[in-house]
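So the structure is just underneath, and the comments pick up after that.
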Amino acid sequence: MAIDQLNKDEFGEQLGEIVFPSCPIRSIEYLKGRDNELETIERALYQQGRHIFIYGDRGVGKSSLGATAAYQYQSSDAEPIFVSGSVDDTFKSVIVNIANQALGKSRFESRKHREDYGFTWRGLKLGIGVEISPIELFSAIQTVGDATELLKQITAIHSIKPIIVIDEFDALTNSKEKDKFASLLKQLGDQSVNIKFIFTGIGKTLDELLGAHSSTYRQLETVELSRLSWEGRREIVIKAADAFGLCIDDNVNWRIATVSDGFPYYVQLITEKMLWEAFSDSEKINELGFTHYYRGLKKSIQSINAELKRPYEKAVIHRELKYEPIVWATADGEDLYRNIESMYDSYKAIIKQIDNQEQILLARDKFSQHIRQLKSNNYGEILESIANRPGWYIYKEKMLRGYVRMQAEANEIKLLGEKEAPRQKMRTPNNARTGYYGSRIPKDVKFANERNTENEDNS
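The opening position of the sequence shown corresponds to residue 87 in the working numbering, with each subsequent residue numbered one higher.
Put into structure tokens, the structure is as follows:
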């Protein structure tokens, strides 16, 4: 094996503790590029009655930030409480889930200890390790006030500093049920209940929650999570490689940072697959190179879930040869908002990279027609128009941009377009066009086709 002193099981188990494409990160050691957001949350939670709402696009790492922040806050006498929203959840079902987790945390403790930490509520005997039917508990919660009182009783015996994470709050579909959480936060603050909540969800649900009670703004610290900075993307790969005594080719690391489009999920996934490819090498290696990268990239594309792939496949499969380069052109550059002119420039650059005489350059008006088709259901609804800006488009599902970039890269098409700029030493405000914090690619970093272009210009 290419990595010394580890068999397959040992390598796989260690890898599963270093990269996290399938579950939230819960340790600050592995959460890269989010120091400022963690500091904001930490400071906010010192305030009585203050809770957190983390919002952003799918795939930017909201669950990981929420989980890591929860473990930082939670006292050592218990674990944080985690619940995930779903389409069939209600306010009451979420509260019951929280109660069951809080009370069931120590079911292996002695009966005497459990009795010391019990209480009676609404005629129900509750306590640490005391089993109670969820149906009975559900029936006992009739109002938001009931839920407030129940949480007050439960958290008093749960831990010194209890915290609850409600992940994917946007999955709750009933706006009236979401309104009840706004009332809950207000009542928890008014009654000085010792408990903290961290919500995660898309921006729209933030408006729905706050819109129910204007006073809820006082109870919530909102944290917008954008795409990961360039440094954060690279740190993930460097730390994972270093754990196995490996270096990473710097150009490979920049390619991963570029192709991932700032979504930690893609960085973690490509890193995982790339390390498995390195482990499978017949000879010992010291550095992860382009061979491991391209093999890992293709394995990553194969393993991405069907739901995320579907729009891309609808747009290109069983279509004429010309469609894939058109879709790739929509994902070029770092700007989330693209106009026809910039996409057509990207398209022309892509066609130059394709060594296929059947792939001809479309005229601009024909290209524009195909771009408009990408808004329709038959073509995957990849794009949507920007209101009051004719000829401007944005990805309907931002995370799909990263998948499109990966597809282009696997076909040896380099999507560039990042503006050259010196490394910034200060954190920049969130840019609505690019959707992430931090610096861009340093100006002295050049990719292969950029060097080729320079050589042509100098010849």
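Just so it is clear, CB atoms sit at the ideal spot from N, CA and C, and this is done for glycine as well.
Count the other CB atoms, across all protein chains shown, that sit within 10 Å of the CB of residue i; report buried if there are 16 or more and exposed otherwise.
| i | result |
| --- | --- |
| P350 | buried |
| D143 | buried |
| V173 | exposed |
| Q91 | exposed |
| D451 | exposed |
| D163 | exposed |
| D95 | exposed |
| E99 | exposed |
| I246 | exposed |
| G488 | buried |
| D175 | buried |
| A42 | Nothing about residue 42 can be read from this structure; the chain reaches only from 87 to 545. |
| N183 | buried |
| R336 | Strictly speaking, residue 336 in this sequence is Asp, with Arg absent from that position. By the 10 Å Cβ count, D336 comes out exposed. |
| S261 | exposed |
| Y132 | exposed |
| I403 | exposed |
| P166 | buried |
| K264 | buried |
| R341 | buried |
| Y430 | buried |
Can you name, in chain order, every residue of its own chain whose Cβ lies under 7 Å from the Cβ of residue i, other than the five neighbours on each side?
| i | result |
| --- | --- |
| K178 | F224 and I227 |
| A185 | L223, L236 and I240 |
| V338 | L374, G375, F376 and Y379 |
| L383 | I356, M492, E495 and A496 |
| E447 | Glu is not the amino acid found at residue 447; the sequence shown has Leu there. Correct list, in chain order: K434 and I437. |
| I472 | Y423, W478, Y479 and I480 |
| P515 | Confidence in P515 is poor, its pLDDT being 42 and thus under 50, which makes the residue's placement too unreliable to answer from. |
| A326 | I104, V105, T357 and L361 |
| K198 | Residue placement at K198 is poorly supported in this model, since its pLDDT is 38, which falls under 50; the coordinates are not used for a value here. |
| N372 | L332 and C333 |
With C-beta atoms as the reference, is residue i less than 7 Å away from residue j?
| i | j | result |
| --- | --- | --- |
| G171 | M485 | no |
| E266 | H137 | Checking the sequence, you will find Lys at residue 266 rather than Glu. No, the pair does not count as a contact, with Cβ atoms beyond the cut-off. |
| G318 | K118 | yes |
| L361 | L101 | yes |
| V345 | I322 | no |
| I426 | S462 | no |
| R381 | E363 | yes |
| G135 | Q305 | yes |
I believe residue i touches residue j by the beta-carbon criterion, under 8 Å. Please report the beta-carbon distance rounded to the nearest angstrom.
| i | j | result |
| --- | --- | --- |
| I288 | Y141 | 6 Å |
| A417 | R491 | 5 Å |
| I249 | Q160 | 5 Å |
| T234 | L258 | About 19 Å; that fails the 8 Å criterion. |
| E467 | P397 | 6 Å |
| Y479 | R424 | 6 Å |
| Q187 | V230 | So it is not a contact: roughly 20 Å between Cβ atoms. |
| L151 | R120 | 6 Å |
| A343 | R320 | 5 Å |
| V251 | F168 | 5 Å |
Just to confirm my understanding: we take residue i, look at its own chain, exclude 5 residues before and 5 after, and list those with CB closer than 6 Å. What are they?
| i | result |
| --- | --- |
| E358 | V105 and P107 |
| F97 | F365 |
| D253 | S149, S170 and T286 |
| L355 | P107 and S386 |
| G147 | P350 |
| A329 | I104 |
| P110 | S149, S150 and A153 |
| F255 | G171, F285, G287 and T291 |
| K395 | none |
| K238 | V279 |
Taking 6 Å as the line, does the beta carbon of residue i fall inside it for any heavy atom of the ligand GDP?
| i | result |
| --- | --- |
| K266 | With respect to the ligand GDP, the structure offers nothing, as it holds no ligand at all. |
To which residues of the same chain is residue i closer than 8 Å at the C-beta, ignoring the five residues directly before and after it?
| i | result |
| --- | --- |
| I499 | P411, W414, I436, Q439 and I440 |
| D445 | Reading the sequence as shown, one finds Gln at residue 445 and not Asp. Cβ neighbours of Q445 beyond the five flanking positions: L407, K408, P411 and I437. |
| Q459 | Y465 |
| S389 | L355 and K359 |
| L469 | T416, I457, L460, K461, Y479, I480, Y481 and K482 |
| N442 | L407 |
Problem - the segment 267 to 281 / the segment 308 to 315 touching (three or more Cβ pairs under 8 Å) - result: Counting Cβ pairs under 8 Å, fewer than three are found: no touch.
Handout entry: Inter-stretch contact at 8 Å, needing at least 3 Cβ pairs: the segment 121 to 139 / the segment 153 to 165
Key = With the cut-off at 8 Å, the segment 121 to 139 and the segment 153 to 165 touch.
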